[in-house]
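Visitor: FYI, the numbering for the sequence shown is -25 to -1, 1 to 463, going by mature numbering (1 follows the signal peptide of the UniProt record, and there is no 0).
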Amino acid sequence: MPRPLRAMPRLPAALLLLASAACSAAQGAQQEDYYLRIWPEKPVVKYGDSMVLNCSSNCVNIGLETSLQTVAAGTGPTWKAFNLTSVTEWEPKPLCFATCGGTEPKYQRITTTVYRAPERVVLDPLPEVEVGKEYNVTCRVFNVAPIRNLTVTLYQGERRLYVETFEDHRNPEAGSVVVTSNSITAQQNDHGEEVTCRAVLDLRPEGPFLEMDSLSKSLETVVFPMDPYLQTLGSVEINTSMPVECEVSGLFPVQKAAFQLFFAGERLNSSNHISGHKVSAQAQVTSISAGEHQLICIVSLGPVTKTAESTVNVYSLPKPTLHIDHPQIPVNTNVSVMCRSDGSKSPGVVMRISDTKEILLSGDGPSLQYSLTAQEEDNGRQFMCKVELKVDGHSVVKETAANLTVFYAPQMSDSSCPDKLTWKDGSEETFICSASGNPPPTVECRKDEVSYNIGIQQQVTKEHGGIYHCNATNAYGFDLTSLTSLES
């Protein structure tokens, strides 16, 4: 007969727990011997370039999981290498895996830094700035990644103006940044200094250290402390030329000052003259219209523009004309003297007719007429026509003149032809007898039908005694007189 089965003695519960713990400990110790590593641990690669990752493990079925295109780059008992042929993702995170002891696969993921060197570093145009004023410098860095590793520094010469970093920038993709400095106060000795922007992409220690500088730009500062000063006359006659000068002092750089001169809304052609820190613009002004016109000088130096203005009174005062209706007339003829001022005149013109002694007539109309009956004393009389205008507190006068000729018959008087002459025998004497009249008369003196030379010195003899008959004649008549010559 077969033996009956014997029941095995039951183990105590405490022993079962100890065995279970020992088994678990042994299993844990076995799992700790498994490893999975990826190299490089912190890969850095240029966008679009290839990269090799090495996955190593003492497990089986080593592989790499990524969305990037890969090819095998080598294998060994405990490792596999994978070539990511073109890294075109920003911050890819490839995953290495392996199967260890028939358990769930082990995993290890790494983050890849993908970089792009700055495409361009560009300084914005620097403003021309007035000394003492504030300005900013702006730099633009284009198409760079990762921006968190970027440092942008602005330099003036060797001096750092401003530094900006981007540690808090989290977007891994390439982008552009704009960096603007704090406000900078311009100094005169800053003029001509070179300003540069430097972009540094620092990927150390795993990656490269990349620098790129912008093209430098020169800083231009200006000094413009004083307003321009206009030098010109306060008034000018229409259709005449007047010099104009606009001057300004204390400029820097003086050669860059730009002038604009305007008169009555029209720009003037001007020429500049530099002397030290002083510069002036000179021009000629001619106006064809009367009235008050503005003379404007605009001076620009960099961002600073200053203006000076002056009012010029352009007046019109045509020269008058004087007309004597009968400038050559016989005595006792009526004469008219006409004074005219033709053309446009400024308000306030006063017209006068005068002779050399007094004002004969005045008025503010366009013409004046003075009438007289010509007398002998009017012969050679000068008449003047004057126009006068008050301009800026002083008088402007224009005048013209004409003479009147009066014709009249000869007249002899005791003073011009005395009725008695007393001569001494043997003396040298001059026979004098003249007459007034216009035209000047011809005077002839005769004694016993013999004509004597008048005005010529001669020796007196007894034959000179007696009565002389003198006759003065011209085209307008004659006059007769007699004189007696006596010997003493």
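Backbone N, C-alpha and C fix where the C-beta goes; we use that ideal spot for every residue, glycine too.
Measuring only the C-alpha atoms, how far is LYS320 from VAL289?
Guide: As a working mapping, residue 320 is identified with position 345 in the sequence shown. As a working mapping, residue 289 is identified with position 314 in the sequence shown. Answer to the nearest angstrom: the Cα atoms are 11 Å apart.
Visitor: Please classify LYS55 as buried or exposed, where buried requires at least 16 other C-beta atoms within 10 Å of its C-beta.
Guide: Here residue 55 refers to the residue found at position 80 when the sequence shown is read from its first residue. With 16 or more other Cβ atoms within 10 Å, it is buried.
Visitor: Ends of the beta strand (DSSP E) at GLY51?
Guide: Position 76 of the sequence shown, counting from 1, holds the residue named residue 51. Run containing GLY51: 45 to 51, per the beta strand (DSSP E) assignment.
Visitor: Are SER316 and PRO293 closer than 8 Å when you measure CB to CB?
Guide: For the purposes of this step, residue 316 is taken as residue 341 along the sequence shown, with counting starting at 1. For the purposes of this step, residue 293 is taken as residue 318 along the sequence shown, with counting starting at 1. A contact, by the Cβ cut-off of 8 Å.
Visitor: Can you tell me whether GLY209 is buried or exposed, with buried defined as 16 or more other CB within 10 angstroms of its CB?
Guide: Here residue 209 is taken as the residue at index 234 of the sequence shown, counted from 1. Result: exposed.
Visitor: Would you report the Cα separation of ILE328 and GLU267, rounded to the nearest angstrom?
Guide: The count along the sequence shown starts at 1 and reaches residue 328 at position 353. The count along the sequence shown starts at 1 and reaches residue 267 at position 292. ILE328 and GLU267: Cα-Cα distance of roughly 30 Å.
Visitor: So, at 6 Å on beta carbons, what are the nonlocal neighbours of TYR130 in its own chain, with the 5 sequence-adjacent residues on each side left out?
Guide: Translated into positions along the sequence shown, residue 130 becomes position 155. Closer than 6 Å at the Cβ level, and outside the excluded window around TYR130, lie THR171.
Visitor: Quick one: give me the first and last residue of the beta strand (DSSP E) that TRP65 is part of.
Guide: Within the sequence shown, numbered from 1, the residue matching residue 65 stands at position 90. That residue, TRP65, is in no beta strand (DSSP E); it is neither H nor E in DSSP.
Visitor: From ASN58, ASN146, GLU94, pick the residue whose C-alpha is nearest to that of GLN44; which is it?
Guide: Within the sequence shown, numbered from 1, the residue matching residue 44 stands at position 69. Per the Cα distances, ASN58.
Visitor: I need the boundaries of the beta strand (DSSP E) containing PHE199, first residue and last residue.
Guide: As a working note, residue 199 is residue 224 in the sequence shown. Counting along the chain, PHE199 falls outside any beta strand (DSSP E), and DSSP gives it neither H nor E.
Visitor: For ARG91, which residues in the same chain have their Cβ closer than 8 Å to its Cβ, ignoring the five residues on either side in sequence?
Guide: Residue 91 sits at position 116 when you count from the first residue of the sequence shown. Cβ within range, chain order: LYS21, TYR22, ASN118, VAL119, ALA120, ALA149.
Visitor: Might you give, ordered along the chain, the residues of its own chain that have their beta carbon closer than 7 Å to the beta carbon of GLN357, omitting 5 neighbours on each side?
Guide: Within the sequence shown, the letter at position 382 stands for residue 357. Excluding positions up to five away in sequence, the list reads ASP330, THR331, ALA376, ASN378.
Visitor: From what residue to what residue does the beta strand (DSSP E) around TYR290 run?
Guide: The sequence position of residue 290 within the sequence shown is 315, counting from 1. That run of the beta strand (DSSP E) goes 279 to 290.
Visitor: Counting beta carbon pairs with one atom in the stretch 219 to 237 and one in the stretch 139 to 158, are three or more of them shorter than 8 Å?
Guide: Flag = no, the stretch 139 to 158 and the stretch 219 to 237 do not touch.
Visitor: Could you say which of LYS231, THR86, GLY401, GLU212 lies nearest to VAL366 if we only look at CA atoms?
Guide: Counting from 1 along the sequence shown, the entry for residue 366 is found at position 391. Comparing Cα-Cα distances from VAL366 to each of LYS231, THR86, GLY401, GLU212, the minimum goes to GLU212.
Visitor: Once you ignore the five residues that flank ALA(-5) on each side, which residues in its own chain have a CB closer than 8 Å to its CB?
Guide: In the sequence shown, counting from the first residue as 1, residue -5 sits at position 21. A caution first: ALA(-5) carries a pLDDT of 32, below 50, which makes its placement in the model unreliable, though a value can still be read off. Nothing listed; no residue qualifies.
Visitor: Per DSSP, which residues does GLN357 bridge with? Please list them.
Guide: Here residue 357 refers to the residue found at position 382 when the sequence shown is read from its first residue. GLN357 is bridged to ASN378.
Visitor: From LYS281, THR348, SER342, pick the residue whose C-alpha is nearest to that of ASN309; which is it?
Guide: Start at 1 with the first residue of the sequence shown, and residue 309 comes out as number 334. With distances taken between Cα atoms, ASN309 lies closest to THR348.
Visitor: Three or more C-beta pairs closer than 8 Å, one from the stretch 252 to 267 and one from the stretch 226 to 240: is that the case here?
Guide: At 8 Å Cβ cutoff, the stretches touch.
Visitor: In whole angstroms, what is the alpha-carbon distance linking THR160 and TYR110?
Guide: Here the question's residue 160 lines up with position 185 in the sequence shown. Here the question's residue 110 lines up with position 135 in the sequence shown. Taking the straight line from one Cα to the other gives about 7 Å.
Visitor: According to DSSP, is SER460 part of a helix, a strand, or is it coil?
Guide: Start at 1 with the first residue of the sequence shown, and residue 460 comes out as number 485. Three-state result, SER460: strand.
Visitor: Answer with buried or exposed for HIS439, where buried requires no fewer than 16 other C-beta atoms within 10 angstroms of its C-beta.
Guide: Numbered from its first residue, the sequence shown carries residue 439 at position 464. Buried is the call here.
Visitor: Thinking just about the alpha-carbon of each residue, which of GLY368, CYS114, CYS314 is nearest to the one in SER342?
Guide: Looking up residue 342 in the sequence shown gives position 367. Looking at the Cα atoms, CYS314 is the closest of the given residues.
Visitor: Do ILE13 and CYS71 have their C-beta atoms within less than 8 Å of each other?
Guide: Here residue 13 refers to the residue found at position 38 of the sequence shown. Here residue 71 refers to the residue found at position 96 of the sequence shown. Closer than 8 Å, so yes.
Visitor: Since GLU267 sits in a beta bridge, which residues does DSSP pair it with?
Guide: Counting from 1 along the sequence shown, the entry for residue 267 is found at position 292. Answer is ASN288.
Visitor: Rounded to the nearest angstrom, what separates SER(-2) and GLY76 at their Cα positions?
Guide: One-based indexing of the sequence shown puts residue -2 at position 24. One-based indexing of the sequence shown puts residue 76 at position 101. Its pLDDT being 36, under 50, SER(-2) is placed unreliably in this model, and the value from its coordinates should be taken loosely. SER(-2) and GLY76: Cα-Cα distance of roughly 15 Å.
Visitor: Can you give me the Cβ contacts of PRO416 inside the same chain, cut-off strictly under 7 Å, excluding the 5 residues immediately before and after it?
Guide: By one-based count along the sequence shown, residue 416 stands at place 441. Around PRO416: PRO385, ALA410, ALA447, THR448, ASN449.
Visitor: Which residues mark the beginning and the end of the beta strand (DSSP E) in which ARG315 is found?
Guide: As a working mapping, residue 315 is identified with position 340 in the sequence shown. Start and end: 309 to 315.
Visitor: According to DSSP, what are the bridge partners of GLU419?
Guide: For the purposes of this step, residue 419 is identified with residue 444 of the sequence shown, where counting begins at 1. Note: GLU419 sits in a beta bridge opposite ASN446.
Visitor: Classify TYR383 as buried or exposed, calling it buried when 16 or more other Cβ atoms lie within 10 Å of its own Cβ.
Guide: Stepping through the sequence shown from its first residue, residue 383 is reached at position 408. TYR383 is buried by the Cβ-count criterion.
Visitor: Looking at TYR451 and LYS422, is the spacing between their C-beta atoms short of 8 Å?
Guide: As a first step, residue 422 is located in the sequence shown; it is residue number 447 there, counting from the start. As a first step, residue 451 is located in the sequence shown; it is residue number 476 there, counting from the start. Cβ distance not < 8 Å, so LYS422 and TYR451 don't count as in contact.
Visitor: Taking GLY340 as the reference, which of PRO200, VAL324, SER193 has the closest Cα?
Guide: Position 365 of the sequence shown, counted from the first residue, corresponds to residue 340. Out of PRO200, VAL324, SER193, VAL324 has the C-alpha closest to the C-alpha of GLY340.
Visitor: Between SER151 and the ligand FMN, is the CB less than 7 Å from at least one heavy atom?
Guide: This structure simply doesn't include the ligand FMN, nor any ligand for that matter.
Visitor: When DSSP builds the beta bridges, which residues end up paired with HIS298?
Guide: Position 323 of the sequence shown holds residue 298. For HIS298, which the question treats as bridged, DSSP gives the partners MET313.
Visitor: Please report how far the alpha carbon of LEU243 lies from the alpha carbon of THR380, in whole angstroms.
Guide: What you label residue 243 is simply residue 268 of the sequence shown in a count that begins at 1. What you label residue 380 is simply residue 405 of the sequence shown in a count that begins at 1. Approximately 51 Å, taken between the alpha carbons.
Visitor: According to the neighbour-count rule (16 or more other Cβ atoms, all chains shown, within 10 Å of its Cβ), is VAL362 buried or exposed?
Guide: The sequence position of residue 362 within the sequence shown is 387, counting from 1. Buried is the call here.
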